[in-house]
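Heads up: the sequence lines are chains A and B, in that order. With the first letter of the first sequence counted as 1, position 171 gets the number 324 in my numbering; the numbers rise by one all the way through. With the first letter of the second sequence counted as 1, position 185 gets the number 338 in my numbering; the numbers rise by one all the way through.
Number of protein chains: 2
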Amino acid sequence: MTETRGYHHGDLRRALLTAAVRVIEESGPAALSLRDLARRAGVSHAAPAHHFGDKSGLLTALATEGFDLLAEALDGAGGDLLDRGVAYVDFAVRHRAHFEVMFRPDLYRPDAENLVAARQRASDALHSGVAALPEGHRPKAQDPQGDALAAWSIVHGFATLWLSGALPSQVGDDDPRATARAVARRLFPRR
Amino acid sequence: MTETRGYHHGDLRRALLTAAVRVIEESGPAALSLRDLARRAGVSHAAPAHHFGDKSGLLTALATEGFDLLAEALDGAGGDLLDRGVAYVDFAVRHRAHFEVMFRPDLYRPDAENLVAARQRASDALHSGVAALPEGHRPKAQDPQGDALAAWSIVHGFATLWLSGALPSQVGDDDPRATARAVARRLFPRR
DNA sequence: ATGGCATCTTGTCAACGGAAAGATAGGCTG
DNA sequence: CAGCCTATCTTTCCGTTGACAAGATGCCAT
C-alpha cells in the first residue's frame, strides 16, 4: 500500500486524517500533535502545513468529513425515527474521533465553507427524519421544530454521555445501540 | 481585594481556578495555558505547579468543583423533575467552563479521589429526582434506571448542543431555560 | 528565636505550532 | 526534447508551553 518511498508521499492528506482519527480515539483531541502525525506518516514535521494550513485546518477537515459521514449514516438508516436515532448513536460510537471533534467548534474553524455545507447536509438529514414522522408518534403535533430538537437532544445526550464514560459502569457498556433504543423509545413511545 | 503584594499571593489556588474559568469561557479548554493563568494571577510561571501538580491537576480540581456545584444546583431545584431538568441546563449555561471540563475526562484524572466522590454526589442528586417521580409521570414504571438515563440524556444533550453552538441560530438563543423546558416536557408530558 | 514547612521564584529542557526559504518531482507548453 | 511551473516536501528557525529541579521567602508552632 505504501510503496511510494520517493520524495512525495502519495496521499499524505488522507494518511494524516486517518492517523489523527487513531490518535483521537486513543487519547482524545487534546493529545493531538501535528508533529506526531507527521512522524506516523513518515514525513517531516512541516509537511502537514501544506495540506491543512495549521492544526485547526486539519480538524476542520476532520469535522467536515464527520458531518458528511453522519448525513450518510442517517440517510441510510431508513424512515423510522427510532432507527435514525439509533443510527445517530451508532455513528458517534463507531466514529468517535469525528464525533468528538464535530461538536467542539473551539478546535476548528466553524465558518469554513465546506464545513458549513456539510453540517447543513447533516442537519437536513436529521430534520427530514422527524418531518416524516406519522401523527401518532408525535408528542406535540404542532411543533415539528421542537420535536426535532427533542429527538436530537436525547440521542446526542446519550451518545455524549456514553463516550465520556460518565454513565454508571454497566449501563450499555456492551451494546450502546440497544440501550440507545430503549432510551429513545421513551421519547416516542409508539411502535 | 488583592492588596497582598508580598512574596505570597494569598489565595493563588482560587485565583488560578477563576482565571481558568474566564479563559475557558472565552476560548475553550484547548486554549488554556498554565503560564497564562500564572501571568493573570501575577505570579511566576511555575507557581501553579505547587497547588495542582500539573495541568490535569488543575482541571481535575475544576471538574470536582463543577460536580459539587451541579449537585448543589440540582438539590436546590425542588422536587419537580422538570424543574430539575431545567436546572441541569441552567447549570451548564451559567457554569459553562466547569461543564465543558466535567464531561471531557481526557483532560483530567477521572480516578482522582475527590473527583469520584463529587461525581457520585452529583449522580445521586440526579437519580433522586427521578426516584421521586410520581407514577403517572413515568413512561415506563418498571425501569426507573432507564427513566433516569433518558432524562439525563435529553437535558445533557440539549445543554451540550446549545453550548457547542450547533443549534440553528435562533433556537433558544435568548432563553435556553425556556427552550430546555419545552424539550424536556416532551419526555415527561404530564404537568 | 528558631527550625520546619508551605509557598513562590529562577533556571532549564524537550516538545510543540507556525513561518520562511530551499529542494525535489512530475507535468505542461513550446 | 528543452525549459519552466507548480504542488509537494524538507530544513531551519523562533516563540510558547508543560514540566522539572534547585533555591529563595515568609509564616507558624514549639
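No residue lacks a Cβ here, since even glycine has one placed at the ideal position from N, Cα and C.
Within 10 angstroms of its Cβ, does residue i collect 16 or more other Cβ (buried), or is it exposed?
i	result
S306(B)	buried
D300(B)	buried
A184(B)	exposed
G321(B)	As written in the sequence, residue 321(B) is Pro, which differs from the Gly given in the question. So P321(B) ends up on the exposed side.
G325(B)	buried
R247(A)	exposed
G232(A)	exposed
R192(A)	exposed
A245(A)	buried
H251(A)	buried
Can you give me the C-alpha to C-alpha distance between residue i and residue j, rounded to a whole angstrom?
i	j	result
S276(B)	R330(A)	23 Å
R257(A)	D228(B)	29 Å
D189(B)	G195(B)	10 Å
L260(B)	G210(B)	9 Å
L302(A)	S197(A)	45 Å
D328(B)	S186(B)	32 Å
R249(A)	D164(B)	40 Å
K182(A)	L223(B)	This sequence places Pro at residue 182(A); Lys is not what is there. One C-alpha to the other measures close to 25 Å.
E218(A)	M255(A)	9 Å
A172(B)	L279(B)	29 Å
E297(B)	V283(B)	Here residue 297(B) turns out to be Pro, not Glu, going by the sequence shown. Going from the Cα of P297(B) to the Cα of V283(B) covers about 7 Å.
Q273(A)	A199(B)	45 Å
With DSSP collapsed to three states, give me the class of residue i.
i	result
G229(A)	coil
D243(A)	helix
P329(B)	helix
R249(B)	helix
V324(A)	coil
H203(B)	helix
T157(B)	At T157(B) the pLDDT is 44, less than 50, meaning the model places this residue with poor confidence and gives no usable figure here.
D264(A)	coil
R193(B)	helix
R338(B)	helix
R257(A)	coil
Q273(A)	helix
H162(B)	coil
A319(B)	coil
Q295(A)	coil
L185(B)	coil
- Message: Taking contact to mean 3 or more Cβ pairs, one atom from each stretch, closer than 8 Å, check whether the region 210-222 of chain B and the region 264-275 of chain B are in contact.
- Response: yes
- Query: Three or more beta-carbon pairs under 8 Å between the region 234-241 of chain B and the region 200-210 of chain B, yes or no?
  - Reply: no
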